[in-house]
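Enquirer:
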Amino acid sequence: MISWPARLYTALVVALTAVLVARMPLHALHTGRIPDFWFELAILQALFLVCDSTPSSLAAQRAKWSPSSSATLAAVVLLGPVAAALVGAVSLISIKHQLRATERLFNGAMGALSGLAAGRAYAALHGPVGLPVFGKDPWMIIGPFAAAAAAHVVINQGLIWSFYRLNRGGQTLRREALESSLPLLLVSDLGYAALGLIIASLWRVMGPFSAVLVLVPLFVARWAMGQFAEERRAYAATMNALCRAVETKDFYTRGHGDRVSRGAGMIARQIGMRQGRTEAIMVAGMLHDVGKLGVPTQVLQKTGPLLEDELAAIQLHPMRGLEIVREIGFLNEALAGIMHHHERIDGRGYPMGFAGHEIPEFARIIAVADAFDSMTSTRSYRQARTIDAAVAELRRGAGTQFDPLLVEAFIAALAVEDWPLPEPAVVPADRGTVTAQDHDDPTAPLRVVEFP
Amino acid sequence: MTSRTAADRWTYWQSIDSGRLLLMAAAGMLIIAAFAHTTISSTNHIAWRPALAFGGFIALGELLRLALPGGREAAPIAMVGAMSYALLINVAHAGPANQEALLVVAVAAVGMTVGALPHVAAGRPAGLTGMCTRLVAVACVAFAFRPIVHDIRSEPWYVAMAVMVVVVVFGWLVDTVVGALIRADDIGSRFSVALVDEIRLQWLLGAAICASVLITVFGAEVMGIAELAVFVGPLLVTQLAFRRYAGIRATYLQTVRSLSRVTEVAGYVEEGHSQRVSRLAVAIGRVLGMTEPDLLALEYAALMHDIGQLSLRDPIPGGATLLAPRADQERIAELGADIIREAGVLDDVAELVRCQSWPASRDPAPPRGSMIIRAANAFDDMVGGGADRERSSAALDRMRQDPAEYDSLIVRALAEVAGRRPLWRL
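If you read the protein sequences in the order shown, they are chains A and P.
60 is the number of the first residue of the first sequence in the working numbering; add one for each residue after it.
75 is the number of the first residue of the second sequence in the working numbering; add one for each residue after it.
#1: So which residues of chain A does P/Y326 contact, with C-beta pairs closer than 8 Å?
#2: Could you tell me the distance, in whole angstroms, from the CA atom of A/H211 to the CA atom of P/I226?
#3: If you draw a straight line from the alpha carbon of P/E425 to that of P/A411, how long is it in whole angstroms?
#4: What residues in its chain sit with their C-beta under 7 Å from that of P/L309, if we drop five residues either side in the sequence?
#5: Can you confirm whether P/E295, when its beta carbon is compared against all beta carbons of chain A, has any partner nearer than 9 Å?
#6: Between the segment 359-367 of chain A and the segment 460-472 of chain A, can you find at least three pairs of beta-carbon atoms closer than 8 Å?
#7: For P/M98, I'd like the list of residues in its chain whose CB is within less than 6 Å of its CB, leaving aside the five on either flank, ordered along the chain.
#8: Taking only beta carbons into account, state which residues of the segment 84-102 of chain A come closer than 9 Å to chain P, listed in chain order.
#9: How many angstroms separate the CA atom of A/L172 from the CA atom of A/G266?
#10: So, at 7 Å on beta carbons, what are the nonlocal neighbours of A/R454 in its own chain, with the 5 sequence-adjacent residues on each side left out?
#11: Select from the segment 276-290 of chain P all residues with a C-beta closer than 8 Å to any C-beta belonging to chain A, and list them in chain order.
#12: Taking A/I515 as the reference, give the member of A/P410, A/D368, A/A395, A/A414 with the closest Cα.
#13: Can you tell me where the beta strand (DSSP E) holding P/E147 begins and where it ends?
#14: Enumerate in chain order the residues of its own chain whose CB-to-CB distance from P/Y374 is below 7 Å, with the five nearest sequence positions on each side excluded.
#15: Restricting to Cα atoms, I'd like to know which of P/V267, P/M238, P/L362, P/R486 is closest to P/V251.
#16: Is it true that the segment 169-188 of chain P meets the segment 117-124 of chain P, where meeting means three or more beta-carbon pairs spaced less than 8 Å apart?
#17: Kindly list, in the order they appear in chain A, the residues whose Cβ is closer than 7 Å to that of P/L420.
#18: Could you tell me how far apart the beta carbons of P/A282 and A/V275 are, in whole angstroms, since I believe they sit closer than 8 Å?
#19: Let me make sure I understand the geometry here. Which of A/A176, A/N226, A/Y223, A/T337 has the alpha-carbon closest to that of A/P203?
#20: Give a yes or no on contact between the segment 365-383 of chain A and the segment 335-354 of chain A, applying the rule of three or more CB pairs nearer than 8 Å.
#21: Looking at the unbroken alpha helix (DSSP H) that takes in P/A324, where does it start and where does it end?
#22: Given this structure, state the Cα-to-Cα distance separating A/D432 from A/A449, to the nearest angstrom.
#23: Mind pulling the chain A residues with CB within less than 8 Å of P/A171?
#24: Give me the chain P residues within the contact set of A/G250, using Cβ-Cβ distance strictly less than 7 Å, ordered along the chain.
#25: If we require 3 or more residues per run, which beta strand (DSSP E) segments fall completely within the segment 167-202 of chain A?
#26: Please report the residue range of the alpha helix (DSSP H) in which P/A294 lies.
#27: Enumerate, from N- to C-terminal direction, the unbroken alpha helix (DSSP H) stretches of 4 or more residues contained entirely within the segment 170-207 of chain P.
#28: Can you give me the start and stop residues for the alpha helix (DSSP H) that A/L243 sits inside?
#29: Taking all protein chains shown into account, do 16 or more other C-beta atoms lie within 10 angstroms of the C-beta of P/T113, making it buried, or fewer, making it exposed?
#30: Of all the CB atoms in chain A, is at least one closer than 9 Å to the CB of P/M378?
#31: Is the distance from the Cβ of P/V194 to the Cβ of P/A156 below 9 Å?
#32: Give the DSSP bridge partners of A/V141, in chain order.
#33: Beta-carbon within less than 6 Å of A/G406's beta-carbon, same chain only, minus the 5 sequence neighbours each way: which residues are those?
#34: Find the nearest neighbour of A/A296 within the set P/W231, P/Y326, P/V336, P/V427, judged by alpha-carbon distance.
#35: For A/Q120, decide whether its Cβ has a neighbour in chain P, counting only Cβ atoms nearer than 9 Å.
#36: First and last residue of the alpha helix (DSSP H) that includes A/A148?
Right, here's the structure in full:
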């Protein structure tokens with residue numbers, strides 16, 4: 060659903076566009092001066108339509124991008140501002156699926172408006188309209204064109220962003236996804252805007268064929284972007300499957316990695332961590348207990364107090380985890396998070412006994428999410444705690460076990476986002492192993508045999 | 075026995091070096107000829123502005139090399155710059171472009187060297203082979219086109235463009251064929267397969283390069299040298315798209331490689347087993363002429379072939395699936411395939427894992443990848459991480475005597491791969 064403010068906003072943008080286009084002086088249409096005006100306009104509109112109908116995914120699945128602005132900007136140079144608006148308006152009939160009428164209307168108005176703005180910027184700096192003739196100083200055209208490209212990007216992105224800001228309900232995810240890909244979006248937009256001038260220049264040599272020639276690299280880039288998005292999805296799916304496989308050993312800890320990953324992501328966003336690091340910490344959260352596989356099953360299942368070396372085996376698991384994931388190149392900071400997620404602020408944790416800010420930020424974040432999920436999950440020796448009880452427990456440990464700032468950040472995030480409580484574990488009577496003592500549980504420390 | 079292996083080793087190294095050596099000699103001779111000719115004949119006629127602009131463009135392209143899947147390296151922007159300079163007809167306000175083919179080679183060589191220097195300074199490999207390949211390809215384009223440029227100048231644009239497309243495709247083919255030759259030598263695959271792989275992977279990039287060259291050449295005719303500054307934007311963004319794609323592919327592979335070690339850490343299998351089996355399997359696949367997409371699936375399947383053991387309550391003693399009863403082997407394979415199928419994107423890999431314990435004589439026959447994994451796994455279970463020749467030949471003998479279990483072609487390929495030193499190169 061599209062929210063009412065967004066609808067109202069769309070109506071405003073459409074009205075504004077109509078007024079602005081209508082108020083343009085007739086000679087700005089340049090039909091008289093340019094012989095093949097309507098033919099050229101149709102070609103550029105076709106180019107726009109082809110580009111706009113085949114967008115590619117950027118970093119996030121729902122953030123789509125298309126190089127159609129190059130057609131609008133070519134029209135700015137070749138045919139003038141009104142023609143540019145007419146090219147941009149083609150967005151209205153784009154063959155993208157899943158577009159609602161409001162969205163189409165908005166896209167069309169936005170395309171027209173940014174085309175018009177680009178054309179006005181170009182004219183303001185005395186950029187000549189028509190087949191470009193470069194004099195001794197090519198910057199006489201390149202300069203105004205750069206201004207037109209900048210105006211196009213600013214108006215275009217500005218309109219899109221305000222639309223998403225207004226259209227909140229149910230769209231938060233989409234907005235977040237867009238925010239993460241904004242730098243890339245801007246770079247791509249500006250880079251491909253330059254193609255507009257290339258199209259216009261080549262037009263002098265080869266006419267409309269220039270549009271065809273330019274399509275080739277555009278489509279190759281689009282292919283690469285599509286492949287990227289596909290590989291990224293495949294990667295995430297594979298990672299999930301492998302992590303789940305690791306957890307199958309224990310019926311009680313299923314989904315633990317997933318939830319810790321989510322919790323760590325919530326904290327990271329709450330404290331304003333930038334996108335790249337947030338993604339990294341979510342991977343770290345997913346993988347933080349991989350090393351538990353190295354702990355012998357008998358030790359995990361032991362109900363009585365642990366022997367010295369059994370405790371050591373458990374306390375070694377962050378190191379084993381590190382050993383497994385060390386070679387994953389991009390993880391860098393996440394590695395520290397995996398290795399130190401059982402350190403305590405008071406220095407009594409393991410494996411290194413770091414204290415306070417010696418503990419890497421990633422590790423401090425994971426520690427909070429880790430303990431919280433452990434407490435809110437059912438264990439063989441106790442029922443799951445309620446969220447409130449677990450929060451109280453986190454607060455109690457703040458300053459000794461946990462970083463107080465991060466605990467507060469997590470609690471603040473919990474107030475806004477839902478926490479996916481795990482399904483109560485159903486353990487078949489005959490098979491499967493269960494953890495008898497949870498090393499993550501701050502309320503039930505591991506019991507060690509004490510020698511008199 | 076020993077003398078034969080030594081001879082094998084000698085021919086192996088020799089074959090690597092001779093190909094590279096020949097390429098470098100060719101590039102070196104081109105460079106010497108280019109500089110000798112350019113300095114001896116009067117330098118007054120050289121149009122310095124385009125030469126410098128294109129040289130700088132090439133240097134930028136070489137600086138921003140592109141890592142492609144499979145450990146390849148390309149420099150598409152440098153190729154666009156060099157080929158465009160070779161095909162330049164007119165430059166706006168500078169008149170007809172009259173540079174000779176050897177000047178093109180000289181400019182390309184200087185540009186590439188300048189662009190490679192930062193790589194060397196940063197301690198990265200200089201990528202000499204790639205640079206030589208590109209230089210030879212550019213030289214082919216220049217020698218084909220510069221002599222006829224005067225005739226082309228009077229032709230209409232579409233004729234000129236058609237000729238340019240032919241010449242660029244020729245240059246691209248030279249680049250691809252030389253690249254495939256070197257690669258086939260490096261990784262021990264057949265040349266024909268390496269060539270097909272190379273073309274399959276690079277043709278899209280090649281199309282983009284070709285179109286970009288045409289755009290640059292005709293754009294310079296209208297806009298002059300300033301066009302390079304305008305066009306570099308879209309080229310950089312296109313390259314960025316490719317870089318991200320190659321990056322996520324590499325991360326994916328690294329992650330699967332790392333996570334496949336969970337079975338080792340859990341004590342289900344011997345240290346390094348998955349990694350060794352996957353290298354063996356890929357090497358066998360190459361000898362048998364498998365293509366790169368198939369090899370990638372094979373590598374993933376081999377890395378994860380033991381992952382089904384995670385669902386077992388207790389590790390199999392010693393981790394050797396070879397010694398487990400057939401029913402257990404098949405159950406582990408099924409469980410592993412289930413885990414992989416969960417991902418939803420690796421169904422072909424899951425299938426290879428599922429059929430890994432089927433004997434070769436089974437009807438219907440298991441997929442070839444599964445038979446390869448079975449052979450590689452059995453070999454590693456018997457021989458282990460050490461490079462004991464006696465054990466290795468005993469294992470091979472045992473597998474040869476059991477053609478119902480192990481496909482004889484695969485065992486032959488395994489013997490070839492196991493006889494190599496250094497054992498497995500990636």
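Cβ coordinates follow ideal geometry from the N, Cα and C atoms, glycine included.
Expert: Taking the geometry as given:
#1: The contacting residues are E290, A293, Y294, T297.
#2: Taking C-alpha positions only, A/H211 is separated from P/I226 by approximately 39 Å.
#3: Taking the straight line from one Cα to the other gives about 7 Å.
#4: Correct list, in chain order: I151, V154, S286.
#5: Chain A contact via Cβ: present.
#6: No: the two stretches stay apart, fewer than three of their Cβ pairs being nearer than 8 Å.
#7: Excluding residues within five positions, the ones whose Cβ falls inside 6 Å are C206.
#8: Residues passing the 9 Å Cβ filter: none.
#9: Their Cα atoms are separated by approximately 27 Å.
#10: Excluding residues within five positions, the ones whose Cβ falls inside 7 Å are V466.
#11: Here the close residues are L278, L279, A281, A282, C284, A285, S286, L288, I289.
#12: Given that chain A is displayed from residue 60 to residue 511, the structure contains no residue 515 of chain A and the question cannot be resolved.
#13: Element bounds for P/E147: 146-148.
#14: Result list for P/Y374: V330, L420, V423, in chain order.
#15: Checking every option, the nearest Cα to that of P/V251 belongs to P/V267.
#16: The segment 169-188 of chain P is in contact with the segment 117-124 of chain P.
#17: Going along chain A in sequence order, the residues near P/L420 (Cβ under 7 Å) are T297.
#18: At roughly 6 Å, the Cβ-Cβ gap stays under 8 Å, so P/A282 and A/V275 are in contact.
#19: Considering only alpha carbons, the answer is A/A176.
#20: Contact between the segment 365-383 of chain A and the segment 335-354 of chain A is present, because at least three Cβ pairs lie under 8 Å.
#21: Boundaries of the alpha helix (DSSP H) around P/A324: 300-333.
#22: Distance between A/D432 and A/A449, taken at the CA atoms: about 9 Å.
#23: Listed by position along chain A, the residues whose Cβ is nearer than 8 Å to that of P/A171 form an empty set, because the closest Cβ is around 15 Å away.
#24: Within chain P, the C-beta atoms nearer than 7 Å to that of A/G250 come from G307, P308, L310, V311, in chain order.
#25: Listed in chain order, nothing qualifies, since the segment 167-202 of chain A has no complete beta strand (DSSP E) run of 3 or more residues.
#26: Looking at the DSSP string, the run of the alpha helix (DSSP H) that includes P/A294 is 265-297.
#27: Listed in chain order, they are 175-195.
#28: First-last of the alpha helix (DSSP H) with A/L243: 241-265.
#29: Exposed, by the Cβ-count rule.
#30: So yes, P/M378 belongs to the interface.
#31: No.
#32: A/V141 is not bridged to any residue.
#33: Setting aside the 5 residues that flank it on each side, A/G406 is surrounded in the same chain by G412, A414, each with a C-beta closer than 6 Å to its C-beta; the list follows chain order.
#34: Its Cα nearest to that of A/A296, the residue P/Y326 stands out among P/W231, P/Y326, P/V336, P/V427.
#35: Per-residue confidence for A/Q120 stands at a pLDDT of 47, beneath the threshold of 50, marking its modelled position as unreliable; the derived number appears in the next sentence. Under the 9 Å criterion on CB atoms, A/Q120 is classed as non-interfacial with respect to chain P.
#36: Careful: A/A148 lies outside any alpha helix (DSSP H) and carries neither H nor E.
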